[in-house]
Structure formats: C-alpha cells, structure tokens
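First comes the structure, then the notes that go with it.
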Amino acid sequence: MRRATVVLHAFHCSPFMVVFIAGMLVLLAFGVEAGVQDLRLQFAADALAGRTIVVDAGHGGIDPGAAGHGVVEREVVLAVAQDLRQLLARAGARVIMTRTGREAPSGKPFRQRRDLAHRAQLANAAGADVLVSIHANYFSHPGQQGAQVFVNRAALPQSRRLAELIQQAFREVTGSRRQVVTGADIFLLKKARMPAVTVEIGFLSHPAEARDLLDPAYQNKLAWGVFLGLARYFAEGAAPG
Ligand SMILES: [Zn+2]
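According to this note's numbering, the sequence shown is numbered sequentially starting from 1168.
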C-alpha cells in the first residue's frame, strides 16, 4: 500500500520521466530490430564473398532490344547491370559482365544466336556460380507492369529457388505483384551450365514504368532487388566451392 503510493506519487511527480522512459523503450525496441535486420543483411551479403556471378546486360551493339515511350532496353538494362555489379563487388563477389558498354560481347557481324552462345560460353568458361540475365519487357497491352523473373521449363531447382528469391525481393523493393514465370524457353539459360535466371526489370510498354526505368534511383532499386535475392540465395545454400 505504502509502496503503491510512492510509485503513484513518483508517476504523478514526473510525467516527463515516464514519457522519457517510454520513448527510450520504443527507441530501444526499434534499434534492436534494425540491428537484427542489419545483421541478417550482413550475413546474407557475407555469403556473396568469393562467388562468381555473371551479370548479363541483354542486347547491345546494333541490337537495341525493345523500346517504348522513348526508352531503349539496351540502355536501361546496362544501367541496372552496372549498379548490380557495384553492389556485388562491394560484397566481395567476383563479377563478370558480358558487356560494359554499348557493344554486344561477340562483336560484328551480329548474329543473335551466336551472340547469346558467346555469353553462355563466357559464363561456362568462368565456372560461374550463377548467371543473371537482365532484360526489359514489352507487351501489346500498356497496362502490364512490374519486374518479373523467368526460368526455363527444364530449369535446375536452384534456378527456380533463385528466381523465387529475386521475385520476392522485387515485391519488397519495388512493389511488383508479378510471379515467377517457370515455363520459359530462353536460349541463353539453356546454354548456361549453372543456375541461371532472366530478370525482366519492367515493361517499356507501360508509360509510367518506362519513365521509372530511366530514373537512376529506380534502376538502383531494381539492382538492389536482384542483389538481395542473390545474397539470400547464397546465404541459404552451401559454402563456396
Ligand atoms: Zn530483351
């Protein structure tokens, strides 16, 4: 009874103190939560160290890829690929770019099949752990939007898992509501002898999304989504071989 009175008294006397302590508790709770997330991300990023990752910016050279609303696939996929390279390199991964400039990797004269075979050959010769091919989509209906990951019908289970993790990260980072396409028949993915996915970063046929795809901040978000998917993929997998 006496103690209760004292507590009540203290409570009455210093409402500021109560607010202060409550505030500290809230800050502490958020701080710890953020710290745990940082640790998880750090752990995931650590899993990328020493991995060989092929980042393939689609098209290039005389092949512009798709175009819509003044946005050209060849250009925007390269921008996202460059951002992704930076993120991966910072995490200690060995990154192989199939192209770093406007030109297609196989040079001239340009044959699409030969160019794609050349990209797969780069990845196979490097003994890469994964290949991520970056493209942008175009559809006759302008309402379609959102970043989306594709794997072939006969894809390795690891390719499917990687695709799911990147799609999930796109959901978190860009709000894309699309699902992984598992029935694709993509020549480059067939030729690659490691887990491989194609990432379609968005629809050039969608006016607002085409505009977003030109925005460096949005390009970075997309790169971040792929990075997060890759980090989680390696974090849940085996040690580097
Ligand atoms: Zn393409």
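No residue lacks a Cβ here, since even glycine has one placed at the ideal position from N, Cα and C.
Exercise. Taking Cβ positions only, does Val1299 come closer than 8 Å to chain D?
Worked result: In the structure shown, chain D does not exist; there is a single protein chain.
Exercise. At which residues does the beta strand (DSSP E) containing Gly1369 begin and terminate?
Worked result: 1363 to 1370
Exercise. Is His1110 near ligand 1, judged by its Cβ being under 7 Å from some heavy atom?
Worked result: Coverage of the chain is limited to positions 1168 through 1408, which leaves residue 1110 absent and any answer about it impossible.
Exercise. Can you name, in chain order, every residue of its own chain whose Cβ lies under 6 Å from the Cβ of Leu1395, other than the five neighbours on each side?
Worked result: Cβ neighbours of Leu1395 beyond the five flanking positions: Ala1336.
For this session: Tell me whether Phe1317 sits in a helix, a strand or coil according to DSSP, three-state version.
Result: strand
Problem set entry | DSSP state of Leu1323 mapped onto helix, strand, coil | coil
Problem set entry | Euclidean distance between Cα positions of Thr1265 and Leu1283 | 10 Å
Exercise. Does the stretch 1317 to 1334 come close enough to the stretch 1286 to 1295 to have 3 or more Cβ pairs within less than 8 Å?
Worked result: no
Exercise. Which of the three DSSP states, helix, strand or coil, is assigned to Ala1351?
Worked result: strand
For this session: Using 7 Å as the cut-off, classify the Cβ of Gly1232 as near or not near the heavy atoms of ligand 1, replying yes or no.
Result: yes
Problem set entry | His1236 beta carbon less than 8 Å from that of Ala1384 | no
Problem set entry | Cα-Cα separation, Gln1253 to Pro1309 | 32 Å
For this session: Look up Leu1208 in the DSSP assignment and say whether it is helix, strand or coil.
Result: helix
Exercise. So who's on the other strand from Ser1343, going by DSSP bridges?
Worked result: Bridge partners of Ser1343: none, in fact.
For this session: Check whether the Cβ atoms of Val1299 and Val1364 lie closer than 8 Å to each other.
Result: Yes.
Exercise. Looking only at DSSP bridge pairs, what is Asn1304 linked to?
Worked result: Phe1370
Exercise. What does a CB cutoff of less than 7 Å around Arg1360 pick up in its chain, not counting 5 residues either side in sequence?
Worked result: Asn1291
Exercise. Quick one: Cα of Phe1178 to Cα of Gly1392, how far?
Worked result: No answer about Phe1178 holds up, because its pLDDT of 47 lies below 50 and its placement is not dependable.
Exercise. How would you call Gly1225, buried or exposed, if buried means at least 16 neighbouring beta carbons within 10 angstroms?
Worked result: Label assigned to Gly1225: buried.
Exercise. Do the stretch 1206 to 1215 and the stretch 1241 to 1248 touch if we need at least three Cβ pairs shorter than 8 Å?
Worked result: no
Exercise. Does the Cβ-Cβ distance between Val1222 and Leu1289 come in under 8 Å?
Worked result: With contacts defined by Cβ atoms closer than 8 Å, Val1222 and Leu1289 do not form a contacting pair.
For this session: Answer yes or no: the CB of His1302 versus the heavy atoms of ligand 1, is any distance below 7 Å?
Result: yes
Exercise. Nearest-angstrom Cα distance between Leu1329 and Lys1388?
Worked result: The alpha-carbon separation between Leu1329 and Lys1388 amounts to approximately 18 Å.
For this session: Check each candidate in Ser1326, Arg1286, Val1262 and name the one with the smallest Cα separation from Gly1404.
Result: Ser1326
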